[in-house]
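Peer 1:
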Amino acid sequence: MVKRSVGMAVVILLVTAVASAGSFSLFGFAWDQADVGTLGGGGLRLTSGAGGWLIDLTFSYGNKQYSLPELSYQGRFKILPVDLGVRYTSPYPHLVRPYAGGGITYSFINITTGKANNKWGLYGVGGLYIGNIRTVDFFIEAMYRSMNATRITFRGYDWEASTKVNASGWQGSLGVTFHL
Numbered sequence: 002m003v004k005r006s007v008g009m010a011v012v013i014l015l016v017t018a019v020a021s022a023g024s025f026s027l028f029g030f031a032w033d034q035a036d037v038g039t040l041g042g043g044g045l046r047l048t049s050g051a052g053g054w055l056i057d058l059t060f061s062y063g064n065k066q067y068s069l070p071e072l073s074y075q076g077r078f079k080i081l082p083v084d085l086g087v088r089y090t091s092p093y094p095h096l097v098r099p100y101a102g103g104g105i106t107y108s109f110i111n112i113t114t115g116k117a118n119n120k121w122g123l124y125g126v127g128g129l130y131i132g133n134i135r136t137v138d139f140f141i142e143a144m145y146r147s148m149n150a151t152r153i154t155f156r157g158y159d160w161e162a163s164t165k166v167n168a169s170g171w172q173g174s175l176g177v178t179f180h181l
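Residues 2 to 181 (our numbering) are what the sequence shown spells out, left to right.
1) Under 9 Å between C-beta atoms, does N118 make it to chain B?
2) Do R152 and N111 have their C-beta atoms closer together than 9 Å?
3) Taking DSSP as the reference, what is the three-state secondary structure of S185?
4) CA-CA distance, V97 and L85?
5) Can you list, in chain order, the residues of its chain whose CB lies under 6 Å from that of T114, leaving out five sequence neighbours each side?
6) Any idea what DSSP makes of R156, helix, strand or coil?
7) Spatial neighbours of Q34 within its chain, please: CB distance less than 6 Å, with the 5 preceding and 5 following residues excluded, ordered by chain position.
8) Excluding five sequence neighbours on each side, which residues of the same chain lie with their C-beta closer than 7 Å to the C-beta of K116?
9) In terms of alpha-carbon separation, which member of T106, Y89, L45 and M148 lies closest to V83?
10) Does the distance from the C-beta atom of Q172 to that of F25 stay below 9 Å?
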C-alpha cells in the first residue's frame with residue numbers, strides 16, 4: 002500500500018511540475034547518521050512552482066559498509082529516503098537566494114544479510130540557490146532528518162541478532178537545479 006501511495010504521489014508531482022513550469026535537481030550528499038556514521042549518496046528532486054512557496058518530492062540513495070564487531074558482522078547498509086515537503090524561496094531574481102522548508106520522509110532501509118523495518122520521519126531543510134533563476138542554479142543545503150530507531154535483524158550462518166539503529170542525522174548537499 003505504501004509503495005502504491007508513493008508511486009501515485011510521484012506521478013501526480015511529475016505532472017504538476019511539468020504543468021507549472023517547475024524544476025528538477027540532481028545532487029550529491031554526505032549524511033551523518035546517529036548510529037551508522039557518515040554515508041554518501043545522491044538524489045533527484047522534483048519541484049513544483051517557480052519562486053515563493055514550492056512543493057518538493059525528493060528521492061535519495063545512500064549506502065555504507067556497516068559492521069558490528071560484537072557480532073563479527075560486516076555488510077552494507079542501504080537507505081532510500083523519499084521526502085515530500087514545502088519550501089519557501091525568494092521569488093526575486095537575485096544571484097543568491099536563501100530557502101527553508103520541511104516535510105515528511107519515508108525511508109526504505111535494506112541490509113546485506115537480514116532485514117530492516119522501513120521508517121517514517123520528519124525533515125527540515127535550509128540552503129542557498131546561486132545562479133540564474135530562469136535556467137540553471139547551483140545550490141548548497143543542510144538538512145536534518147528525524148526518524149525513530151529502526152529494528153534491524155542480522156542473520157548469519159547459524160545465528161540471528163536484533164538491534165535498533167537510529168538513522169536520524171544531518172545531511173549536507175551540493176547540486177544543480179534545471180528550471181523548465
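C-beta: ideal position from N, C-alpha, C; glycine also. If you're wondering where the values come from, they're calculated on a predicted model, not measured in any experiment.
Peer 2: From the atom records:
1) Chain labels in this structure do not include chain B; a single protein chain is all it has.
2) Taking the sequence shown and counting its residues from 1, one reaches residue 152 at position 151. Taking the sequence shown and counting its residues from 1, one reaches residue 111 at position 110. The answer is no: Cβ separation not under 9 Å.
3) No information on residue 185 is available, as it lies outside the stretch 2 to 181 that the chain covers here.
4) For the purposes of this step, residue 97 is taken as residue 96 along the sequence shown, with counting starting at 1. For the purposes of this step, residue 85 is taken as residue 84 along the sequence shown, with counting starting at 1. Spanning the two alpha carbons is a distance of roughly 24 Å.
5) By 1-based counting over the sequence shown, the position of residue 114 is 113. Contacts found: G76 and R156.
6) On the sequence shown, residue 156 is found 155 positions in, with the first residue counted as 1. Three-state DSSP puts R156 in a strand.
7) Position 33 of the sequence shown, counted from the start, is the residue given in the question as residue 34. Closer than 6 Å at Cβ, skipping near neighbours: A168 and G170.
8) Indexing the sequence shown from 1 puts residue 116 at position 115. Excluding sequence neighbours, K116 sits near T154.
9) By 1-based counting over the sequence shown, the position of residue 83 is 82. The shortest Cα separation from V83 among T106, Y89, L45 and M148 belongs to T106.
10) For the purposes of this step, residue 172 is identified with residue 171 of the sequence shown, where counting begins at 1. For the purposes of this step, residue 25 is identified with residue 24 of the sequence shown, where counting begins at 1. Result no, Cβ atoms of Q172 and F25 do not sit closer than 9 Å.
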